[in-house]
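Residue numbers (the working numbering), protein chains in the order written: chain U, 1090 to 1203; chain R, 601 to 713. No residue lacks a Cβ here, since even glycine has one placed at the ideal position from N, Cα and C. Comments concern the structure below.
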């Protein structure tokens, strides 16, 4: 079974600075997809960024980027120029190719200090 | 707005009771997923339906069941409720294809007293 591990239950960052959230996963598949979701206090689940495993280039979305290390099965999220609105729970998720099932890590709670 | 509608938003019921949670997926999405999120925890995958058929099953209790109807809306039935079933239940939908993200509804907050 595939598992997703987020080893940092909580992180904090100063406003305007950069923070990196860690995620590792366990799989025997070669093709799969990885996602980061954000859950603010409203409890909505919001897609932040996604990565295809067969692409070596790291995905970026404005201030959000990933560091995807396939051999190490690592998928970290970097948030640059952190803003107060970035404060939320962040969940890493894994989805195998040809399988619609998506599995989530336990989450990292990010606090942004003004 | 994700386009996924969940009703009701809140549900308070007693132990031993049975409830039904409803989900309408985004227009055009054939897959519906149900997740359970207990307080300050991650999302536990329960079950997935694709175009009316069960596609994948996660850690869903035997007391729980779900179905997807011809109009693609889905219902999650929870019976013989226990205190530990109190949680936020999310429905999500997606188009076919693993690169497609899941679009989540706002969840149903279930409180069992």
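Which listed residue (the options) has its alpha carbon closest to that of residue i
i	options	result
residue 1155 of chain U	U/1103, U/1147, U/1182	U/1147
residue 1102 of chain U	U/1110, U/1119, U/1186	U/1110
residue 1198 of chain U	U/1184, U/1145, U/1127, U/1121	U/1127
residue 606 of chain R	U/1170, U/1141, U/1190, U/1133	U/1133
residue 1203 of chain U	U/1157, U/1106, U/1195	U/1106
residue 623 of chain R	R/696, R/661, R/649, R/699	R/649
residue 661 of chain R	R/670, R/641, R/635, R/640	R/635
residue 704 of chain R	R/614, R/637, R/618, R/620	R/637
residue 627 of chain R	R/667, R/601, R/654, R/618	R/601
Exposure of residue i, with buried meaning 16 or more beta-carbon neighbours within 10 Å
i	result
residue 1130 of chain U	exposed
residue 1166 of chain U	buried
residue 625 of chain R	buried
residue 633 of chain R	buried
residue 713 of chain R	exposed
residue 1151 of chain U	exposed
residue 1096 of chain U	exposed
residue 604 of chain R	buried
residue 690 of chain R	buried
residue 1149 of chain U	exposed
residue 1193 of chain U	buried
residue 612 of chain R	exposed
residue 706 of chain R	buried
Rounded Cβ spacing between residue i and residue j (contact assumed at less than 8 Å)
i	j	result
residue 1164 of chain U	residue 1123 of chain U	5 Å
residue 1108 of chain U	residue 1168 of chain U	5 Å
residue 1120 of chain U	residue 1143 of chain U	6 Å
residue 676 of chain R	residue 685 of chain R	Not a contact, Cβ separation roughly 11 Å.
residue 687 of chain R	residue 710 of chain R	6 Å
residue 1180 of chain U	residue 642 of chain R	6 Å
residue 1162 of chain U	residue 1113 of chain U	6 Å
7 Å CB neighbourhood of residue i in its chain, flanking five on each side removed
i	result
residue 1262 of chain U	Nothing about residue 1262 of chain U can be read from this structure; chain U reaches only from 1090 to 1203.
residue 616 of chain R	680, 681
residue 665 of chain R	677
Cβ shell of residue i (< 8 Å), same chain only, five flanking positions each side left out
i	result
residue 1100 of chain U	1108, 1110, 1197, 1198, 1199, 1200
residue 1173 of chain U	1104, 1201, 1203
residue 696 of chain R	630, 631, 650
Same chain, Cβ closer than 6 Å to residue i, neighbours up to 5 away in sequence not counted
i	result
residue 694 of chain R	629, 631, 700, 702
residue 673 of chain R	624
residue 720 of chain R	Since the first residue shown for chain R is 601 and the last is 713, residue 720 of chain R is missing from the structure and cannot be characterised.
residue 656 of chain R	648
Complete beta strand (DSSP E) runs within the region 630-703 of chain R (minimum length 3 residues, chain order): 631-637, 643-650, 653-657, 664-668, 674-678, 687-694
Runs of beta strand (DSSP E) wholly within the region 1091-1134 of chain U (minimum 3 residues, chain order): 1092-1094, 1099-1103, 1108-1110, 1113-1115, 1121-1128
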